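Written below as structure tokens is the structure these notes are about.
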DNA sequence: GTATATTAGGTGCGGGCGCACCTATCTGTC
DNA sequence: GACAGATAGGTGCGCCCGCACCTAATATAC
């Protein structure tokens, strides 16, 4: 005996639905996204994200450390991503004049063109598989929830 | 010239808040979770998940393919996870009598004990960093949203 | 000034995992 | 029965990335 009642502490069904659902949705979407970007553009999602953030930046350039902050990768990971992107001509590296330890990653015209192609299909995919399932009010609600998670002080509802 | 207006097609701010927030929250939480499980139990999150699902299963055993389905890993990945868990005595492998191609991964008593330790702290962490920021009604709403994403036919609100 | 601590970026090493492929087995057709 | 195709699980190869560490440069203390 002592075979049943071997249960372990666990999430409640409510918690499991919310947390497990997040994990599941993220996993499935990321798999689709990686596959899509690889097929259409031969780049990974982290590479895509670096290109995108460079396109947003003033002068289409960012310091490596700033790319690493708020990325899923560490500085060493970003360093290698930039190296790969440079090898195929989508970005170039330039030493920073104001701090000669540092370096900029700069989006090339080829990189911008590639990003446009990548982003077009990417937006279609993410909308079809995720965003279009929600109304504007719901998207706003969701964004507010994420902000609540990010900011520990924002516990007030 | 032709320097500005080099913008690319992109998500709306509303969409970026919802989709980017999901990516950010997932990334940050996963980093914390991986770190926590590694420090306290020397296991990764995928290893933890395999132990957890085995503990749920009838007879604390599952086929490798069933573990792979609804996992973030492929069959080969699961195969290696089970190999690692077997090497440290948390699971054992057993050939399936009803289909001699197949194999079961079976949670050992040591595996169950480890899972209890891992899960206790894990639940505390996920609640503190995520679940406790929402009320029961909100958790229910969130779970419903994830179901809506998973099921393409469930587009009706 | 010099000495020390900190920081930016890069790299050798090791581990994890997907892809393609292998073997063994099961299933279906004849 | 024989045989083709599908399926379960495992594995060699290659890629990716975190960790620890390195070098060069900057910031701080004295």
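Protein chains in written order, with this note's numbering: chain A, 1 to 157; chain B, 158 to 314. Even for Gly, the Cβ is constructed at its ideal location relative to N, Cα and C. Note that the structure is a prediction, hence the values are computed from the model and not measured.
Are there three or more Cβ pairs, one per stretch, closer than 8 Å when the region 130 to 143 of chain A is compared with the region 100 to 116 of chain A?
no
Close-in-space but distant-in-sequence residues of the same chain around residue 121 of chain A (CB under 6 Å, 5 per side omitted)
Here residue 121 of chain A refers to the residue found at position 121 when the first chain is read from its first residue. Taking C-beta separations shorter than 6 Å and ignoring five residues to either side along the sequence, the partners of residue 121 of chain A in its chain run 40, following chain order.
Residue of B:178, B:233, B:220 minimising C-alpha distance to residue 255 of chain B:
Here residue 255 of chain B is taken as the residue at index 98 of the second chain, counted from 1. Measuring from the Cα of residue 255 of chain B, the nearest candidate turns out to be B:220.
Considering only their Cβ atoms, is the gap separating residue 95 of chain A from residue 105 of chain A smaller than 7 Å?
Counted from its first residue, the first chain places residue 105 of chain A at position 105. Counted from its first residue, the first chain places residue 95 of chain A at position 95. Contact flag unset, no.
Along the chain, where does the beta strand (DSSP E) that runs through residue 238 of chain B open and close?
Sequence index remark: in the second chain, residue 238 of chain B carries index 81 (1-based). Segment 232 to 244 is the alpha helix (DSSP H) holding residue 238 of chain B; no beta strand (DSSP E) there.
Could you name the residues of chain A that residue 168 of chain B contacts, counting a contact when the two beta carbons are closer than 7 Å?
On the second chain, residue 168 of chain B is found 11 positions in, with the first residue counted as 1. Within chain A, the residues whose beta carbon sits less than 7 Å from that of residue 168 of chain B are 123, listed in sequence order.
Using a Cβ-Cβ cut-off of less than 9 Å, give me the residues of the region 124 to 151 of chain A that come near chain B, in sequence order.
126, 127, 129, 130, 131, 132, 133, 134, 135, 136, 138, 139, 140, 141, 142, 143, 144, 145, 146, 147, 148, 149, 150
Since residue 247 of chain B contacts residue 193 of chain B with CB under 8 Å, what's their CB separation in whole angstroms?
Along the second chain, one-based indexing puts residue 247 of chain B at 90. Along the second chain, one-based indexing puts residue 193 of chain B at 36. Wrong, their Cβ atoms sit about 18 Å apart, outside the cutoff.
Taking contact to mean at least 3 C-beta pairs separated by less than 8 Å, is the region 205 to 221 of chain B in contact with the region 231 to 240 of chain B?
yes
Alpha helix (DSSP H) segments (min. 4 residues) lying fully within the region 163 to 223 of chain B:
170 to 198, 202 to 213
Mapping DSSP to helix, strand and coil, what is residue 103 of chain A?
Here residue 103 of chain A is taken as the residue at index 103 of the first chain, counted from 1. Note: residue 103 of chain A maps to strand in three-state DSSP.
Contact set for residue 48 of chain A: own chain, Cβ-Cβ below 6 Å, skip 5 residues either direction:
What you label residue 48 of chain A is simply residue 48 of the first chain in a count that begins at 1. Answer for residue 48 of chain A: 37, 118, listed in chain order.
Among B:272, B:306, B:291, which has the Cα closest to the Cα of residue 199 of chain B?
Numbered from its first residue, the second chain carries residue 199 of chain B at position 42. Ranking B:272, B:306, B:291 by Cα distance to residue 199 of chain B puts B:272 first.
Is the shortest distance between the beta-carbon of residue 248 of chain B and the beta-carbons of chain A less than 7 Å?
Within the second chain, numbered from 1, the residue matching residue 248 of chain B stands at position 91. For residue 248 of chain B, the closest Cβ of chain A is not nearer than 7 Å.
If the criterion is Cβ atoms closer than 7 Å, does the pair residue 148 of chain A and residue 258 of chain B meet it?
Residue 148 of chain A sits at position 148 when you count from the first residue of the first chain. Residue 258 of chain B sits at position 101 when you count from the first residue of the second chain. For residue 148 of chain A and residue 258 of chain B, no; Cβs fall outside 7 Å.
Applying a beta-carbon distance threshold of less than 7 Å, which residues of chain B neighbour residue 85 of chain A?
Counted from its first residue, the first chain places residue 85 of chain A at position 85. Simply none; closest approach about 16 Å.
Would residue 243 of chain B pass as a contact of residue 250 of chain B if the rule is Cβ separation under 7 Å?
Here residue 243 of chain B refers to the residue found at position 86 of the second chain. Here residue 250 of chain B refers to the residue found at position 93 of the second chain. Yes, these two residues count as a Cβ contact at 7 Å.
So what's residue 229 of chain B in DSSP terms, helix, strand or just coil?
Within the second chain, numbered from 1, the residue matching residue 229 of chain B stands at position 72. Assigned with DSSP and collapsed to three states, residue 229 of chain B falls in coil, not helix or strand.
List the DSSP bridge partners of residue 281 of chain B.
Taking the second chain and counting its residues from 1, one reaches residue 281 of chain B at position 124. For residue 281 of chain B, which the question treats as bridged, DSSP gives no partner whatsoever.
Measure the alpha-carbon distance for residue 21 of chain A versus residue 32 of chain A and round it to whole angstroms.
Looking up residue 21 of chain A in the first chain gives position 21. Looking up residue 32 of chain A in the first chain gives position 32. The straight-line gap from Cα to Cα measures roughly 17 Å.
Flag residue 72 of chain A as yes if its beta-carbon sits less than 7 Å from any beta-carbon of chain B, otherwise no.
Residue numbering aside, residue 72 of chain A sits at position 72 when the first chain is read from its first letter. Closer than 7 Å: yes.
Where residue 251 of chain B falls: helix, strand or coil (DSSP)
The residue labelled residue 251 of chain B in the question sits at position 94 within the second chain. Strand, per DSSP.
Determine whether the Cβ of residue 45 of chain A lies closer than 7 Å to any Cβ atom of chain B.
To locate residue 45 of chain A, count along the first chain from 1; it is residue 45. Not closer than 7 Å to any Cβ of chain B, the Cβ of residue 45 of chain A fails to qualify, so no.
Does the beta carbon of residue 103 of chain A come closer than 7 Å to any beta carbon on chain B?
Position 103 of the first chain holds residue 103 of chain A. Judged by the 7 Å Cβ criterion, residue 103 of chain A is not in contact with chain B.
Compare the beta carbon distance of residue 131 of chain A and residue 172 of chain B with 7 Å and say whether it is the shorter of the two.
Position 131 of the first chain, counted from the first residue, corresponds to residue 131 of chain A. Position 15 of the second chain, counted from the first residue, corresponds to residue 172 of chain B. Contact flag set, yes.
Same chain, Cβ closer than 7 Å to residue 160 of chain A, neighbours up to 5 away in sequence not counted
Residue numbering for chain A in the displayed model covers 1 to 157; residue 160 of chain A lies beyond these limits and cannot be assessed.
Name the chain B residues whose beta carbon is nearer than 7 Å to that of residue 27 of chain A?
The residue labelled residue 27 of chain A in the question sits at position 27 within the first chain. Correct list: 229.
Beta-carbon proximity list for residue 72 of chain A, same chain, < 6 Å, skipping 5 on both sides
In the first chain, counting from the first residue as 1, residue 72 of chain A sits at position 72. Excluding residues within five positions, none has a Cβ falling inside 6 Å.
Is the beta carbon of residue 52 of chain A closer than 7 Å to that of residue 60 of chain A?
Counted from its first residue, the first chain places residue 60 of chain A at position 60. Counted from its first residue, the first chain places residue 52 of chain A at position 52. Cβ distance not < 7 Å, so residue 60 of chain A and residue 52 of chain A don't count as in contact.
Rounded to the nearest angstrom, what separates residue 136 of chain A and residue 302 of chain B at their Cα positions?
For the purposes of this step, residue 136 of chain A is taken as residue 136 along the first chain, with counting starting at 1. For the purposes of this step, residue 302 of chain B is taken as residue 145 along the second chain, with counting starting at 1. Going by the C-alpha atoms only, they are around 14 Å apart.
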